[in-house]
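In full-length UniProt numbering, the protein residues as written are 1 to 66.
Ideal Cβ positions, reconstructed from N, Cα and C, are used throughout, including at glycine.
To start, the structure itself, in structure tokens.
Written as structure tokens, this is what we have:
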């Protein structure tokens, strides 16, 4: 017993989330995430592999042409 109120509350919250259109502050989100243009160490790490294995892309393109 008592599940009725809990379920009604969940249904109410779900409807609010589904049908409401919250305002989104994209500038604040961008500031929180960062500009996204900075090069990170992980990007530099992958650059090494991209340079090393770039010749395999040519092989894949030739195979796709056939």
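- Our two residues, residue 51 and residue 8, have alpha carbons roughly 57 angstroms apart in a direct line.
- In the three-state DSSP reduction, residue 25 falls in the coil class, being neither helix nor strand.
- DSSP places residue 49 in the helix class (H, G or I) of the three-state scheme.
- Counting along the chain, the unbroken alpha helix (DSSP H) around residue 4 starts and ends at 3 to 19.
- Taking the CA atoms as reference points, residue 14 sits about 10 angstroms from residue 20.
- If you draw a straight line from the Cα of residue 17 to the Cα of residue 23, it comes to about 12 angstroms.
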